[in-house]
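Read the structure below first, then the notes.
2 protein chains.
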Amino acid sequence: MIAALDLFEDRGYEETTVVEIAKRAGLAKSTFFRHFPDKREVLFGGETMAERVTEAVTAAPATATPLETVAYALDAVGREVFTPARREFIARRRAVIAANLELQERLALKGLSLTRSMVGALKRRGVSDLTSCVAAELGALAWKIADERWSDGANGDEFSQVARRALDEVQAASAMC
Amino acid sequence: MIAALDLFEDRGYEETTVVEIAKRAGLAKSTFFRHFPDKREVLFGGETMAERVTEAVTAAPATATPLETVAYALDAVGREVFTPARREFIARRRAVIAANLELQERLALKGLSLTRSMVGALKRRGVSDLTSCVAAELGALAWKIADERWSDGANGDEFSQVARRALDEVQAASAMC
């Protein structure tokens, strides 16, 4: 949410109140809390990411290997969340999060919860528990690498291209361990 | 720290103050804050885990593969932290953490920081960046699995045995992805 990000950048996350964010966004405080349970959540957009990932894993072709299935999830994230139009917002958000411990903690927990969603969706495809866990962890690592490379924006590649390359590299590296 | 854990169990994490913890442990509040930057930290024991892991990775034989090196780190954790005498404390701590979002967030961040320490130590052994990341993530997953199985305590195996088995399973699963 741009209004919150502007304020966090201008005067710091700690010093910004929910009332100020709501006012800047033209919302009543009660409306704010209907969308976000707390101030931190405004940067993370609720549970939509986990839903996208779960849907994409569920919809992947039955013949896809676990890591190919993860690649479909990364495609969906690129198509629907990490779009070219949002690249700048996401890079700015990254900088705000890096400056605040509370936000780093929330991000860390979000990451775990996203990985758990991916594990659950893979298991429902009949992938074994442990292979689901490993595929989701390798996918999360590829995601993180892709996120860094893509936000950097040195080349104009779309997120899904960057992510699929990262996933290939991660898979190759896992054979070297 | 047992005094803190007792209080968190008795009256909840939120309702317990640092003054109460310090009093129960027979410490001055200022002494408490010399050891722990905040109330949450009392359950996580500062940075000692990251140091143990880094030392063990550094001391592993030069011929060890990345995952064998990770296994040496898990051995050290079992020898020095997850000892049979601490099994009950760790199981109780796990239950307290599971009941509180703030503690889950801190644990998530600790996990990330531990993985980062492992990555750094592997890179200093000359392992490539990406292989270090993958080995550390697979190690972190094996650690999590081992922690669950070992705290459960159904059999009397030591942490390092449980962890090495989990690491073998994780490695085998990564070939199935």
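Just so you know, the sequences run in chain order A and B.
Numbers 72 to 248, taken from the working numbering, label the letters of the first sequence in order.
Numbers 72 to 248, taken from the working numbering, label the letters of the second sequence in order.
Where is the CB? At the ideal position from N, CA and C, for every residue including glycine.
Only a predicted model underlies this, so the values are computations on that prediction, with no experimental measurement involved.
| Check | Outcome |
| --- | --- |
| A:A179 in three-state terms, based on DSSP | helix |
| Beta-carbon contacts of A:M72 that lie in its chain and below 6 Å, excluding the five residues immediately before and after | V113 |
| For B:Y84, the three-state DSSP class (helix, strand or coil) | coil |
| Spatially closest choice to B:R95 from B:E151, B:R158, B:V233 and B:L76, by CA coordinates | B:L76 |
| Ranges of the alpha helix (DSSP H) found wholly within the segment 137-193 of chain A, counting only runs of at least 4 | 137-151 and 158-169 |
| Top-ranked residue by Cα proximity to B:A162, from B:K194, B:V124 and B:D218 | B:D218 |
| Assigned secondary structure, B:G227 (DSSP; H/G/I helix, E/B strand, else coil) | coil |
| Inter-stretch contact at 8 Å, needing at least 3 Cβ pairs: the segment 147-166 of chain A / the segment 116-125 of chain A | yes |
| Distance, B:A93 Cα to A:E208 Cα | 39 Å |
| Buried versus exposed, by CB contacts within 10 Å (16 or more), B:S199 | exposed |
| Chain-ordered residues of the segment 188-215 of chain A with a beta carbon less than 7 Å from chain B | L201, T202, C204, V205, A206, E208, L209 and L212 |
| Whether A:T202 touches A:P137 by CB criterion (7 Å) | yes |
| Where the segment 109-142 of chain A meets chain B: residues whose CB sits under 7 Å from a CB there | T136, P137 and L138 |
| Chain A contact for B:E229 (CB, 7 Å cutoff) | no |
| Cβ-heavy atom distance, B:T140 to the ligand NAP, below 6 Å | Looking at this structure, you won't find the ligand NAP or any other ligand, since it has none at all. |
| Local conformation of B:C248 per DSSP, three classes | coil |
| Any C-beta of chain A under 7 Å from that of B:A244 | yes |
| A:S231, buried or exposed, once every other Cβ within 10 Å from all chains shown has been counted against 16 | buried |
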